[in-house]
Structures are given as structure tokens and as C-alpha cells.
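Right, one structure below, let's go through it.
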């Protein structure tokens, strides 16, 4: 999916919502456990109820891997079920030496055939570049994440006063272009978004941490928006676990709709 | 497996060799492609021919994931086939926010039931600690890796002259103990090993990069050994792809044996 198509989807849906499919076998409604593939059955109903509101789905691989190969079957079926025009982000945070990153790229961009993959940058350039060898696919590099532990190394500061995450953003943006590279910037990091926009004016950011993790949507938009919107805001637990009964799909839709309406309103106010 | 058992294995086998099961469907001997599970068939023969020489096997998950759920079945079968007294290191370089790292831990320490898992530290403490909640399992945190890209961020230097990888070693060692935590230190980084031993005198290091990546075994031992040996040296491509014919098992054994003999010799010289 091109950046322009993504932007057009955002305009037509008045939404920059990614629904995080963090589908935990221990948290989904109990009646689904009788299904042949509970994870997929859960995702299917969430997708059916939210696909007009979401411009992306983001399954986090940990939830699927925890069930072994069977969980990966559920992931594959989920990817195949998501409508063609909605971006699929595999949140897998992969990264390895060159020849091995190439294999991860093969896994996600060929076998599972997703649009985008999150990447952990600790191992540097040769761990990242192999993922850029695919046309029409996106890498989403961890920049400044939403969790408490982001303080441990991402704010490590050089003699010149540069923080590690700034170094990551500044150097990684040179490997690709705004048409194939995004960065993760947590919603809990809104106070840094303005400075990050100066480093990366054109790129899209994937913004987790609204909802369960406590980030404010308006602060993210105010400080992070650009003229192609430039933000994909993800909510996982806040949407998909809104109810643990048979009405979970409708409850998820309600939460997604509330976010989409807030997004629509913010787009009117802030999108130039 | 306890640190003492690992050390006893090293003494009795006169080896600190890990064989990397980087089993690439495009590189294994062609006759194996007729088998029902080519990856497992390859691994089985490698294990049969090297299990008396190796104290660990290290499958890198990328090679298995590239084939989808079927590849993970091969990984699972491989883990089950490896003799009980040999450490199994899942080289997966995982790491995510707390609730998600917990799921990766469940995947590798419960479902796949390996002894050790490699961890990428970029996301900080809450991405690492959930893996330490299992008794008798090991986390192996990326410290200073063997690849070219290790220069990009791992050497990022603070105002106080501390490098990022030193910060990672110094802080991460406090999360666990030398009995459940190891660090990756590339064989190509031998000049830094002495300084690293000062930060981490007791810990085991997983040392990749001997062989295909060009690191010297003697330099690693000279600068990195401690009184419980403290080193697991991995070779992948240099052993498993020694031949691409039907004799690949014997050829792999020959390469592994040469390394084990060199290790035995170095243990006599350097182990106090």
C-alpha cells in the first residue's frame, strides 16, 4: 500500500485508527473456546464490526506465537480475512544480522504477506536494510516506545546532547524513504512529538499507547500531525476487550466508533 | 539447566561449542527436499553427528518462521529431538512491552520448552523482566553483537564516556543473576572482551561470529574466559553447510570436531 493510498483511506474513513489484534487465548470470551480456531473466530468478529472504522489492523505476534504453530495458523487466517484496502501491520519487533533479517522479511512479506512489519533497531543498519528490499511494503522502526522501559536506553544521551532514539530516527530515515519507512512513537511521549516532527517531517508514525497505556489522542494529534496526517494511532486492549461476553464485537465497535469520532473531529480541527 | 550443569558438560565434553541450526530451506542438500520435513531431517542428521561435541544447539527462529507454521513444526520437532543434557538456545531476539513479553516467554519457555532465549534490549527493563519469571531458564540479552551494524547504536557514547552496550550490560545484570542471565558478545569484538569481563566477571557470554563472520576463537578465549569458562561459542554456517551433498552430516562433524579439538586445547591452556 502506498503512502498516498493510506492517506486517501484516512480521508475517506475520517479515521487514522489501527485496531490492535492482541488476541490472548486467556482473555477472549469463554464461549469462543468451543470453536475450532478461537483466536481467528474472535478476530473475525472484531474485524467484521470495525472494518469501516479502521485504516489498519495490528496483530502482535506474541499472542499467536504463544500457541505454537497453531497460533500462527490463526494469524495467517486473520491476515487473509482482513479486507484488501486495510493496512496489515505485523507487530513482531524483529531484527537480526543481515542474512537472518532477510529470512524474517521472507516470513512476513512473502509467506504471511502483510503490508508492514515493526523492527527493533539495536543491531543497526544491516539488521534493518534487508526489510527494505520489498516494493510496496513498510518497515516500522521502534523509535520512542510507549512503555516505562523506554526511559532505560532510548533516552541515553550522547556527549553532543543527542538521545539514542533521536540518533535512531536520524540515521534510520536515511535507509529508506517516507514511502516505505515509519517509526513507532508512543502516545505517552506526546511532549517529544514536536521535536520528533522536526527530525522527520514527512514520515508516518505508528502511535501505540492510547487507552490502556494512558496516552492522550488530542495531544498526539496536536503535536504530531503533518499535511498527510502522518499518524496511525493504535488501540488494542481498550477496543477488543471492551466486553468479555457474547456482545464483545458490538462492544468493540462502540469503543472503536468513539475513537473514530474523536479522530474525525480532530482532523477537522488540525488537518490543514 | 543450571550454570553448574552447563559447566560440568563443558568439562566432560571438553567443548564449549554451540552448533547454530540456521537451517535454510534454500541451502540444505537438495535430496532432503523429498523428505516430509526437510528442515527437521537436516537438523536430525546434524544433531546425530555432533551431539557428543556440542554443549548447546542454537536454532535461529528466522529460518523456521520463513516457512510459516510448518517451519515452526520443524523447530518444535528439532527441540524435542535434541538430547536432554544439551542446552537449547532459541535465537529469536524477542522483546516487547511487559504484557507482550510475557506471551513470548510463554511461547518459548512453555510451548517450545527451550532452555534459553535471546532478547533485544531496546525497549528496556519491562521488556526483559517477564522472561525472568521462569525457574531454570536463561535469557541471553544482546550486548555487543558480531555484525557490522553493531557500530551504529551499540557504541553510542554518553557524556560520561559510557557506551550504550556497556550501559545495557551494567543495568541488565541487575535484573537477574549469573544463574539465569547471559549476554551476547560477538567474536568479532574480542578487543572489547577484557573490558566486558570487568563489568560481568561471572556471567556466561554467548559468542557468535566465529567462522563465517571472521572472529578468532583463541582471542575470544584469551580475553573472555572465567573460572567457570563463561563462554558458549557458536558456529552455524561454518559447520552445517560444510557440504551440500549426502555427506553433509559427516562434513559437519568434521568441522565441529576441529572446533572442539581447538576448544579442548584452549581449555588446557587457559582454564585455571
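Protein chains in written order, with the working numbering: chain W, 2 to 273; chain P, 2 to 273. Ideal Cβ placement from N, Cα and C applies to all residues, glycine included. Since the model is a prediction, treat every value here as computed from it, not as a measurement.
Report the CB separation of residue i from residue j in whole angstroms; it is logged as a contact under 8 Å.
{"i": "residue 14 of chain P", "j": "residue 83 of chain P", "result": "14 Å between Cβ atoms; not a contact."}
{"i": "residue 184 of chain P", "j": "residue 170 of chain P", "result": "6 Å"}
{"i": "residue 240 of chain W", "j": "residue 253 of chain W", "result": "5 Å"}
{"i": "residue 160 of chain P", "j": "residue 160 of chain W", "result": "5 Å"}
Here's the rule I'm using: 16 or more other beta-carbon atoms within 10 Å means buried, otherwise exposed. How should residue i be labelled?
{"i": "residue 163 of chain P", "result": "exposed"}
{"i": "residue 59 of chain P", "result": "buried"}
{"i": "residue 195 of chain W", "result": "exposed"}
{"i": "residue 269 of chain P", "result": "exposed"}
{"i": "residue 204 of chain W", "result": "buried"}
{"i": "residue 246 of chain P", "result": "exposed"}
{"i": "residue 127 of chain P", "result": "buried"}
{"i": "residue 150 of chain W", "result": "buried"}
{"i": "residue 189 of chain P", "result": "buried"}
{"i": "residue 95 of chain W", "result": "buried"}
{"i": "residue 75 of chain P", "result": "buried"}
{"i": "residue 51 of chain W", "result": "buried"}
{"i": "residue 182 of chain P", "result": "buried"}
{"i": "residue 102 of chain P", "result": "buried"}
{"i": "residue 28 of chain W", "result": "exposed"}
{"i": "residue 199 of chain W", "result": "exposed"}
{"i": "residue 231 of chain W", "result": "buried"}
{"i": "residue 283 of chain P", "result": "Limits of chain P in this structure are 2 at one end and 273 at the other, which puts residue 283 of chain P out of reach."}
{"i": "residue 21 of chain P", "result": "buried"}
Suppose contacts are defined by Cβ-Cβ distances below 7 Å. Is residue i in contact with residue j by that definition?
{"i": "residue 209 of chain P", "j": "residue 235 of chain P", "result": "yes"}
{"i": "residue 233 of chain P", "j": "residue 271 of chain P", "result": "no"}
{"i": "residue 146 of chain P", "j": "residue 187 of chain P", "result": "yes"}
{"i": "residue 120 of chain W", "j": "residue 140 of chain W", "result": "yes"}
{"i": "residue 54 of chain P", "j": "residue 16 of chain P", "result": "yes"}
{"i": "residue 237 of chain W", "j": "residue 25 of chain W", "result": "no"}
{"i": "residue 143 of chain P", "j": "residue 154 of chain P", "result": "no"}
{"i": "residue 228 of chain P", "j": "residue 4 of chain P", "result": "no"}
{"i": "residue 249 of chain W", "j": "residue 30 of chain W", "result": "yes"}
{"i": "residue 223 of chain W", "j": "residue 243 of chain W", "result": "no"}
{"i": "residue 157 of chain W", "j": "residue 168 of chain P", "result": "yes"}
{"i": "residue 64 of chain P", "j": "residue 104 of chain W", "result": "yes"}
Check for me: the alpha helix (DSSP H) holding residue i runs from which residue to which?
{"i": "residue 153 of chain W", "result": "151-154"}
{"i": "residue 106 of chain W", "result": "99-106"}
{"i": "residue 197 of chain P", "result": "191-200"}
{"i": "residue 8 of chain W", "result": "4-14"}
{"i": "residue 267 of chain W", "result": "249-271"}
{"i": "residue 166 of chain W", "result": "165-173"}
{"i": "residue 43 of chain W", "result": "39-51"}
{"i": "residue 208 of chain P", "result": "Per DSSP, residue 208 of chain P belongs to no alpha helix (DSSP H); it is in the beta strand (DSSP E), 205-208."}
{"i": "residue 158 of chain P", "result": "Where residue 158 of chain P is concerned, there is no enclosing alpha helix (DSSP H), given that its DSSP letter is neither H nor E."}
{"i": "residue 79 of chain W", "result": "70-82"}
Tell me which residue opens and which closes the beta strand (DSSP E) that residue i is part of.
{"i": "residue 182 of chain W", "result": "182-186"}
{"i": "residue 60 of chain W", "result": "57-60"}
{"i": "residue 21 of chain W", "result": "18-22"}
{"i": "residue 142 of chain W", "result": "139-145"}
{"i": "residue 94 of chain W", "result": "88-95"}
{"i": "residue 220 of chain W", "result": "Unbroken run through residue 220 of chain W is the alpha helix (DSSP H), 218-225; no beta strand (DSSP E)."}
{"i": "residue 234 of chain P", "result": "232-236"}
{"i": "residue 281 of chain W", "result": "Residue 281 of chain W lies beyond the range of chain W shown here (2 to 273); nothing can be said about it."}
Taking only the alpha-carbon atoms, compute the straight-line gap between residue i and residue j and give it to the nearest angstrom.
{"i": "residue 62 of chain P", "j": "residue 267 of chain W", "result": "42 Å"}
{"i": "residue 117 of chain P", "j": "residue 192 of chain W", "result": "38 Å"}
{"i": "residue 89 of chain P", "j": "residue 80 of chain P", "result": "7 Å"}
{"i": "residue 46 of chain W", "j": "residue 77 of chain W", "result": "16 Å"}
{"i": "residue 91 of chain P", "j": "residue 106 of chain P", "result": "11 Å"}
{"i": "residue 263 of chain W", "j": "residue 251 of chain W", "result": "18 Å"}
{"i": "residue 135 of chain W", "j": "residue 6 of chain P", "result": "45 Å"}
{"i": "residue 1 of chain P", "j": "residue 73 of chain P", "result": "What is shown of chain P runs 2 to 273, which leaves residue 1 of chain P out entirely."}
{"i": "residue 124 of chain W", "j": "residue 32 of chain W", "result": "43 Å"}
{"i": "residue 69 of chain W", "j": "residue 217 of chain P", "result": "37 Å"}
{"i": "residue 66 of chain W", "j": "residue 132 of chain W", "result": "21 Å"}
{"i": "residue 109 of chain W", "j": "residue 261 of chain W", "result": "28 Å"}
{"i": "residue 214 of chain W", "j": "residue 173 of chain P", "result": "24 Å"}
{"i": "residue 206 of chain P", "j": "residue 10 of chain W", "result": "49 Å"}
{"i": "residue 197 of chain W", "j": "residue 273 of chain W", "result": "19 Å"}
Consider the C-beta atom of residue i and the heavy atoms of the ligand FAD; say whether any pair is separated by less than 6 Å.
{"i": "residue 151 of chain P", "result": "The model on display carries no ligand, and the ligand FAD is accordingly not part of it."}
Which residues in chain B sit within 7 Å of residue i, going by Cβ to Cβ distance?
{"i": "residue 39 of chain P", "result": "Of the chains in the structure shown, none is chain B; the protein chains are W and P."}
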